[in-house]
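Take 1 as the starting number for the first sequence in the UniProt record's numbering and just add one per residue.
Ideal Cβ placement from N, Cα and C applies to all residues, glycine included.
This report refers to the structure that appears directly beneath it.
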Amino acid sequence: MKIATYNVNGVNGRLPVLLRWLEQRQPEIVCLQELKAPDERFPIDAIRRAGYDAIWHGQPRWNGVAILSRIGEIHETRRRLPGEGEDAQSRYLEAAVNGVLIAGLYLPNGNPRPGPKFDYKMLWFERLIAHARELLDSGLPVILAGDFNVMPTERDVYKPERWVDDALFAPEAREAWFRLVGQGWTDAVRHLHPDETVYTFWKYFRNAFVRNAGLRIDHFLLSPGLVDRLVRAEVDLEPRGWDKTSDHAPAWIELAAG
DNA sequence: ATGACCATCCCAGATGGA
C-alpha cells in the first residue's frame, strides 16, 4: 500500500499535474495540502474520474487539506485539532482508511519570526504534539503525513547557515519536532535513508530545483507498530520538473500488508 | 545579503507562501 503526501500549492491550478501524477504513480492513499480553494471548488469530479474517493477541508484562498483513497472507504475521524475553534484555518484532516489512521496536516509556516505568525505556528505545533500523544496511546496504527514546515536537521537544508533565523529552521520549531518524534514516532524517510540528501521543496526562484537548493519539510511519522511494515520511502522528483507545477514534490511510503 | 516566482481573488495589487 502506497501512501503519499503532496503540497499542491493550489489544487485547481495544479489539477493537470496532480492528475498526471496520480495516473502515473497510482498511490492508494494521498494527503493533499494547500488546496487554496473553498470547499465548493474542490475538484471532486475529476478526482473521482481518476479513481479516487476523497474528503476535504478547504477555505477560501489559503490552506486546505484533503485525503484521497482508491483502496477503500474513508472514515473521517476529525477535521481540526483539539483546541482549535470552528473558524480555525483548515490545516488538519484525519481518517481511518484500510486499517490505518491517517492524519493529513499542514503546519503553519510561521514567518516572519518573531511575530504573531510564529506564535501561531508554535501554538499549532503544541496542539499537534498533545493530540499525537493521544493517537499513540490509542495503540492504533497511525501515520502523521503532510507539510510540517520544519527541516529537522542540517542535512535537510541546502544551506543551513542561511536558515537559522527562519521559522522553518528555528531552534523552537526543531525542538518541537524532536519532542513530537520523541513520543515514539519514526521519521519514515530518514529511517530508510539515514545519510542521504532528500528534499521535498525547492523555491520557484533562481532555478532552485535545477541547482537542488531544496528543503525537506514534508514528512511521514509512523506509529511503532507500522515501522516493521515500512518497505520504501521516496520523493517523486519528476513532477517537480513539470510545467505549471507545485514548489513541492510528492513524497510517498510503501507499507507491506499488515 | 537580497530578491527572485507563484496562486488566489468582486481583475489589481495585496497577501501569503517557505
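Sub-8 Å separation of R211 and Y199 beta-carbons
Not a contact, by the Cβ cut-off of 8 Å.
Collapsed DSSP secondary structure at W56 in the structure displayed
It is a strand residue.
Give the C-beta separation of M1 and E34 to the nearest angstrom, bearing in mind that I take them to be a contact with Cβ-Cβ under 8 Å.
No, M1 and E34 are not in contact; Cβ-Cβ is about 24 Å, not under 8 Å.
According to the neighbour-count rule (16 or more other Cβ atoms, all chains shown, within 10 Å of its Cβ), is F42 buried or exposed?
Burial of F42 is indicated by the presence of at least 16 other C-beta atoms within 10 angstroms of its C-beta.
How should K203 be labelled, buried or exposed, when 16 other C-beta atoms within 10 angstroms of its C-beta is the threshold for buried?
Residue burial annotation: K203 is exposed, with fewer than 16 other C-beta atoms found within 10 angstroms of its C-beta.
Please confirm if the stretch 17-28 is in contact with the stretch 233-243, defined as three or more CB-CB distances below 8 Å between the two stretches.
With a cut-off of 8 Å on Cβ pairs, the stretch 17-28 is in contact with the stretch 233-243, counting three or more such pairs.
Identity of the residues DSSP links to R78 by a beta bridge:
Beta-bridge pairing links R78 to E94.
Which of the three DSSP states, helix, strand or coil, is assigned to N7?
Strand, per DSSP.
If we ignore side chains and look at the alpha-carbon of each, how far apart do V65 and P38 end up?
V65 and P38: Cα-Cα distance of roughly 11 Å.
State the beta-bridge partners of A66 as determined by DSSP.
DSSP lists L32 and W56 as partners of A66.
So F118 is in the alpha helix (DSSP H); what residue range does that whole segment cover?
In the DSSP assignment, F118 falls within the alpha helix (DSSP H) that extends over P116 to D137.
Report yes or no: do the stretch 140-155 and the stretch 216-232 share at least 3 C-beta pairs separated by less than 8 Å?
Yes, the stretch 140-155 touches the stretch 216-232.
Whole angstroms is fine: what's the gap from R229's alpha carbon to L123's?
The straight-line gap from Cα to Cα measures roughly 32 Å.
Tell me which residues share the same chain as H131 and place their Cβ nearer than 6 Å to its Cβ, disregarding the 5 neighbours each side in the sequence.
Contacts found: L81 and P82.
Tell me which residues share the same chain as T186 and place their Cβ nearer than 6 Å to its Cβ, disregarding the 5 neighbours each side in the sequence.
Correct list, in chain order: L222 and V227.
Check whether the stretch 86-94 and the stretch 14-22 are in contact - that is, three or more C-beta pairs closer than 8 Å.
The stretch 86-94, when compared against the stretch 14-22, does not touch it at the 8 Å Cβ threshold.
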